[in-house]
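In our numbering, the protein residues as written are 1197 to 1371.
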C-alpha cells in the first residue's frame, strides 16, 4: 500500500501519525516489511512511477501534523490545509500543502528555528552540486511555466543554455 492511501484530513496520506500507526499495526501482526511504491516527487499525473526526480522526495508526503509539532505552522494553518478524506483531489491537495509548506519555510527563513536552518544548510551543502540545485531550478521553472513539459519551454531553457540557466537561477533564487 502506498503512503498516499493512508487516511487523513489533509486529502492524502503522508509520513505523519497515520503512517506510524500503520507501522505499529504491521508490527502487531508480525510483519516486518511494508512494500511501498516509489516516494519521489510526482508529475502532474500524480503517478509514483512518473517522478520528476530520481532523488527528490514527494513534498505531498510531508506531514502537516509534524510541521505543527515542530512549531512551524499554527492550528489555523492546519485548518486551512485540510481537504478531507476520500478520493485524493490532487490539485486541491497540491495547492493547500504547497501553501502550508511555504508558510513553514517562511517561518524557518525568519530565523526562529536555527537548528532547522543549520540542518537545511548542511543538506544543501551535501546535495546541492549533485542534484538539489538543478532540481530546485527545474521545480521553479515548471511552476513558472504552469506545469508545461520542459520540452515546451523557451529553447534556451529547454536546451540548458548556461546564460539562460544563470538568469533563471537569479530570477527564482527563493523559489
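Cβ atoms here follow ideal geometry from the backbone N, Cα and C, with glycine treated the same way.
Assuming residue i is part of the alpha helix (DSSP H), what are its boundary residues?
i	result
residue 1245	It is not in any alpha helix (DSSP H) - residue 1245 carries neither H nor E in the DSSP assignment.
residue 1291	1286-1305
residue 1254	Run containing residue 1254: none; DSSP gives neither H nor E here.
residue 1339	1329-1340
residue 1367	1358-1367
residue 1220	1213-1224
residue 1234	Taken as a continuous stretch (DSSP letters only), residue 1234 belongs to no alpha helix (DSSP H), as it is neither H nor E.
Taking the straight line between their C-alpha atoms, what separation do you get for residue i and residue j?
i	j	result
residue 1275	residue 1218	24 Å
residue 1247	residue 1287	16 Å
residue 1281	residue 1369	35 Å
residue 1203	residue 1214	7 Å
residue 1301	residue 1242	23 Å
residue 1341	residue 1225	47 Å
residue 1330	residue 1249	10 Å
residue 1344	residue 1364	16 Å
If you compare alpha carbons, which of the options is closest to residue i?
i	options	result
residue 1283	1365, 1347 and 1209	1209
residue 1259	1297, 1357 and 1339	1297
residue 1334	1285, 1262, 1353 and 1221	1353
residue 1251	1332, 1343 and 1273	1332
residue 1206	1199, 1254, 1277 and 1314	1277
Which whole-angstrom value describes the C-beta separation of residue i and residue j, a residue pair presumed to lie in contact below a C-beta threshold of 8 Å?
i	j	result
residue 1257	residue 1211	5 Å
residue 1303	residue 1268	5 Å
residue 1254	residue 1266	Actually they do not touch by this definition, with Cβ atoms about 19 Å apart.
residue 1349	residue 1361	With 8 Å as the limit, residue 1349 and residue 1361 do not qualify as a contact, their Cβ atoms being about 11 Å apart.
residue 1244	residue 1198	6 Å
**Message:** I'd like to know if the segment 1222-1233 and the segment 1293-1313 are in contact, where contact means that at least 3 CB-CB pairs between them fall below 8 Å.
**Reply:** No, the segment 1222-1233 is not in contact with the segment 1293-1313.
**Asked** How about the segment 1280-1295 and the segment 1316-1325: do they share at least three Cβ pairs that are nearer than 8 Å?
**Response** Output reads no: the segment 1316-1325 does not touch the segment 1280-1295.
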